[in-house]
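Chains P and X, in that order, are what the protein sequence lines are.
Per our numbering, the very first residue in the first sequence carries number 4; after that it's consecutive.
Per our numbering, the very first residue in the second sequence carries number 4; after that it's consecutive.
Note that the Cβ used here is the ideal one computed from N, Cα and C, for glycine as well.
Below is one structure, written out as structure tokens, with a few remarks after it.
There are 2 protein chains.
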Amino acid sequence: MTNLNVPGLGTFDDIAAYVDGVGNAARIAARALARADTAAKNAALTEMAEAIRRDEARLLAANAEDVNAARAARKDAAFVDRLTLTPTAIAAMADGLREIAALPDPVGEISDVKYRPSGIQVGMMRVPLGVIAIIYESRPNVTADAAALCLKSGNATILRGGSEALRSNQAIAACVHKGLRSAGLPESAVQVIATSDRAAVGHLIADEKHIDVIVPRGGKGLIERISRDAKVPVIKHLDGVCHVYIDARANLDQAMRIADNAKTQRYGTCNTMETLLVHADIATSVLPPLADIYERKGVELRGCARSRAIVSSMKTATEDDWYAEYLAPILAVRVVDSVDDAIDHIARYGSQHTDAIVTDDHVNAMRFLREVDSSSVLVNASTRFADGFEYGLGAEIGISTNKLHARGPVGLEGLTSRKWIVLGTGQIRT
Amino acid sequence: MTNLNVPGLGTFDDIAAYVDGVGNAARIAARALARADTAAKNAALTEMAEAIRRDEARLLAANAEDVNAARAARKDAAFVDRLTLTPTAIAAMADGLREIAALPDPVGEISDVKYRPSGIQVGMMRVPLGVIAIIYESRPNVTADAAALCLKSGNATILRGGSEALRSNQAIAACVHKGLRSAGLPESAVQVIATSDRAAVGHLIADEKHIDVIVPRGGKGLIERISRDAKVPVIKHLDGVCHVYIDARANLDQAMRIADNAKTQRYGTCNTMETLLVHADIATSVLPPLADIYERKGVELRGCARSRAIVSSMKTATEDDWYAEYLAPILAVRVVDSVDDAIDHIARYGSQHTDAIVTDDHVNAMRFLREVDSSSVLVNASTRFADGFEYGLGAEIGISTNKLHARGPVGLEGLTSRKWIVLGTGQIRT
């Protein structure tokens, strides 16, 4: 590994020194970004979008090299699919940048300013986190998307994509740099790690001096590995074992629609329902017609004994099924005796991601909202709504299952924090 | 190490199993606390205060045993002072509990509820973090204070105080348990680790399954050790290298008062000024009279060459002085040429804790507020105001120098986070 270049800082011939150099350059750029005004950030984002459109041919060519190499390395079809850029994907990437330019700038927002008895005014100002490292897998569009969200929220970014996408990512980064340059912002505000050596990840996640937060995006294996080894705080997404609980006093029509949609609208997403809980009083009304819907759509049902007494075609659920995130057309089904039992089941087996109740009972709705400790709790709506766009964030960097800082969909605000500001007229403490 | 008891869970004869049992009991209690209503939490806090008053003699007796043992172990006077409970300190502890009872309950607060085009209403609800472990040193009053803040914010608490204070802490915990019991809340909502074996700390900070956040309170050595080894997120306070910058257009009278107060009101606090920056245009007016004030109060000045040219009695500041958190009557002094130089100095040498500008120049005040990346940034007020009580939080668990989650003084809100709530009328995602 030789001659890794960090613009403005020179050339490095070992990975640790290189990553340290990248971190140092990011830390310097972060100060310029934190004070960059909204117009400059938006101009950079708009010019990035234009550069991506203009450079379509170059992006496709770089991507074709990555795709050919992946095919030669016998990567599977799903992998190649995630890696492949098309003209449509490139246009979507450019549009995404323009959408982020159009979002309100969270940085500098001042709130809650109040006078204190001492005469000082105390309030809060929203500020960037500083330097964010994004570690992702093979999707090259993350390069533009993550860089744009971090830039708009005033953060410097270090991007470490999958090694198989390195040429695509560098071609996209060239467009990002054109945008930054045109707006007078430092190119080192967005850096792509220029080596496929895996040691770089180890150095990044340990670099507390230069990096404020790590955002891993990808499969569970990647996220667990990074969370286990990181010294830098991680905004992470682990399991999505999501529940829909159909209460005794549910509107039957709503219950059917929501249970159907939460499971079958998309099978592979983190906010897809994995376990259906049904109150015993309504189970005989709701389970047979629901089972028909699921059967038509090819969803395998795995039920508790009481569910199977109602729908005999269900397979038997084992203890493992209650913990399972299938991400597939499989659904665990359990009959419960009360909203308490439903809440207990979710506390025991759930992943604190997204859970919904269907009910017309006000008391049970309010109890479920308060007592279910998940990043999204819904009443009479599909779990599939747990999403940054649906919530109105405009864009999301991911969904956090952390309990500190941001929970659930993380948009621009989740990439900032708030500092205290004090406005005085010469006050001293006595 | 034998027979460590966790009420309701049995007796353990090894530290790892014991800490796991404590964590498990805390996790169960956390669910009860999260749904406890404000009246129950306040009743518990009020009864704790009364029990502490009633049990004064028992607390003093238990504390005397700890103090005698510490003296026998030749602990220094400052240590014994921190360890010692007096009737006044006990009364203050009880008053502190009543003050926390009187604060608004942050749990369940619903905010920002808006309709989305899909027809769902999306908002946020403030919720407890879950289980908080507080690791502290010899001050027994932290036992009551930390337990109360965690309880009011709906969290279960595991307390691990200094081994030298174990008898005092257990006596205080008995009062805490009386309060919990009288309000119908589980005693395991607040648990004191019943062993002085240091291995317990190692197990606690690694217990991601049961503990949501660690709050270390004490010296820098303790905090660094815990931060380095913890697997659980840590809300921590590291250095407080705080600056006051006197700008060219400062009001001279305000500048003198603030620079005096920020350094001399208390020397040992984390928000005490450690470096004074003075604009060159005002240095000859401000430094000589300030030097007189500091000299009268016995503050040693260590200046840059330009400061020393104005006040020849200053010692010479070395590079190390700019990084120093003296916590003592010593002050580093530097003359700078602009607000940019002041901001650069703070970015380079500061600790992102608390920094102030004294100026009548609006542009410089606004730039300093925005560009200084510290948890508290003040204009025309003493750095000593960076404090939960002064900010109106009512109480504080500490001051965070983290960038994620809470920055600066952490009160009840900092011990909570916000989850997303969705109120629908049967909506599904299309």
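For residue j and residue i, the rounded distance between their alpha carbons
i: residue 29(X); j: residue 160(X); result: 7 Å
i: residue 202(X); j: residue 367(P); result: 44 Å
i: residue 300(X); j: residue 293(X); result: 11 Å
i: residue 187(X); j: residue 265(X); result: 46 Å
i: residue 416(P); j: residue 216(X); result: 22 Å
i: residue 407(P); j: residue 115(X); result: 19 Å
i: residue 14(X); j: residue 62(X); result: 26 Å
i: residue 255(X); j: residue 262(X); result: 10 Å
i: residue 148(X); j: residue 138(X); result: 13 Å
i: residue 411(P); j: residue 253(X); result: 45 Å
i: residue 7(X); j: residue 241(P); result: 34 Å
i: residue 224(X); j: residue 141(X); result: 14 Å
i: residue 174(X); j: residue 239(P); result: 40 Å
i: residue 287(X); j: residue 338(X); result: 10 Å
Reduced DSSP secondary structure (H/G/I, E/B, other) of residue i
i: residue 426(X); result: strand
i: residue 128(X); result: strand
i: residue 108(P); result: coil
i: residue 352(X); result: helix
i: residue 407(X); result: coil
i: residue 89(P); result: coil
i: residue 1(P); result: As shown, chain P starts at 4 and ends at 433. That puts residue 1(P) outside it, with no answer to give.
i: residue 375(X); result: coil
i: residue 139(X); result: strand
i: residue 239(P); result: coil
i: residue 337(P); result: strand
i: residue 301(X); result: coil
i: residue 189(P); result: coil
i: residue 388(P); result: helix
i: residue 211(P); result: coil
i: residue 10(X); result: coil
C-beta neighbour in chain X for residue i, strict 7 Å
i: residue 367(P); result: no
i: residue 422(P); result: yes
i: residue 382(P); result: yes
i: residue 268(P); result: yes
i: residue 264(P); result: yes
i: residue 374(P); result: yes
i: residue 288(P); result: no
i: residue 123(P); result: yes
i: residue 200(P); result: no
i: residue 302(P); result: no
i: residue 395(P); result: yes
i: residue 360(P); result: no
For residue i, the first and last residue of its enclosing beta strand (DSSP E)
i: residue 194(X); result: 193 to 195
i: residue 363(P); result: Taken as a continuous stretch (DSSP letters only), residue 363(P) belongs to no beta strand (DSSP E), as it is neither H nor E.
i: residue 379(X); result: 379 to 384
i: residue 245(P); result: 245 to 249
i: residue 117(X); result: 113 to 118
i: residue 314(P); result: Per DSSP, residue 314(P) belongs to no beta strand (DSSP E) and is neither H nor E.
i: residue 162(X); result: 159 to 163
Limits of the alpha helix (DSSP H) - the one that residue i falls within
i: residue 44(X); result: 41 to 57
i: residue 224(P); result: 223 to 232
i: residue 400(X); result: No alpha helix (DSSP H) contains residue 400(X), which DSSP labels as neither H nor E.
i: residue 144(X); result: 144 to 155
i: residue 267(X); result: 255 to 267
Short CB-CB distance (under 7 Å) between residue i and chain P
i: residue 325(X); result: no
i: residue 187(X); result: no
i: residue 30(X); result: no
i: residue 306(X); result: no
i: residue 236(X); result: yes
i: residue 248(X); result: no
i: residue 23(X); result: no
i: residue 431(X); result: yes
Handout entry: Stretch pair the stretch 394 to 414 of chain P + the stretch 282 to 292 of chain P: three plus CB contacts closer than 8 Å
Key = no
Practice task
With 9 Å as the limit, tell me which residues of the stretch 400 to 429 of chain X have their beta carbon closer than that to any beta carbon of chain B; keep them in chain order.
Solution key: Of the protein chains in the structure, P and X, none is chain B.
Handout entry: At least 3 beta-carbon pairs within less than 8 Å: the stretch 227 to 243 of chain P vs the stretch 308 to 324 of chain P
Key = no
Handout entry: Inter-stretch contact (C-beta, 8 Å, three-pair minimum) for the stretch 149 to 158 of chain X and the stretch 100 to 120 of chain X
Key = yes
Problem - contact_flag[the stretch 51 to 69 of chain P, the stretch 176 to 186 of chain P] where n(CB pairs < 8 Å) is 3 or more - result: yes
Handout entry: At least 3 beta-carbon pairs within less than 8 Å: the stretch 269 to 276 of chain P vs the stretch 15 to 26 of chain X
Key = no
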